[in-house]
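Notes follow once the structure below has been shown.
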Amino acid sequence: MPYYDSLLGMLSVWAPDRTQALARARRALAETEIVGIHTTVGLMRRLIELDDFADASHYTTYIESVPGLLGETA
74 MPYYDSLLGM
84 LSVWAPDRTQ
94 ALARARRALA
104 ETEIVGIHTT
114 VGLMRRLIEL
124 DDFADASHYT
134 TYIESVPGLL
144 GETA
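Just so we're aligned: the sequence shown equals residues 74 to 147 in my numbering.
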């Protein structure tokens, strides 16, 4: 098992409102390319497209409750 911090990077966006922040996050995730390791970028790209995420009605076990969301993560 490799010895490294599992948090290799973090994406943080800001905008005057949630709609604009989500648009910035979508763009940043679309431009994100990480090679050589498995990441959750694919999961984040799928998650940010869901209406429940956009309107902030997701909850702590939301990811596990959405069929197919946990597909390929990279």
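Idealized CB from N, CA, C, for every residue including glycine.
Bear in mind the structure is a predicted one, so any value in this text is a computation, not a measurement.
Are residue i and residue j touching if we call contact CB-CB under 9 Å?
i	j	result
Ile-110	Leu-80	no
Thr-34	Ala-127	Nothing about residue 34 can be reported from this structure: the residues present for the chain run from 74 to 147 only.
Met-83	Leu-102	no
Pick out the complete alpha helix (DSSP H) segments inside the stretch 98–129, 4 residues or longer, and give them in chain order.
114–121, 124–127
For the stretch 92–101 against the stretch 121–128, are there 3 or more C-beta pairs whose distance is under 8 Å?
yes
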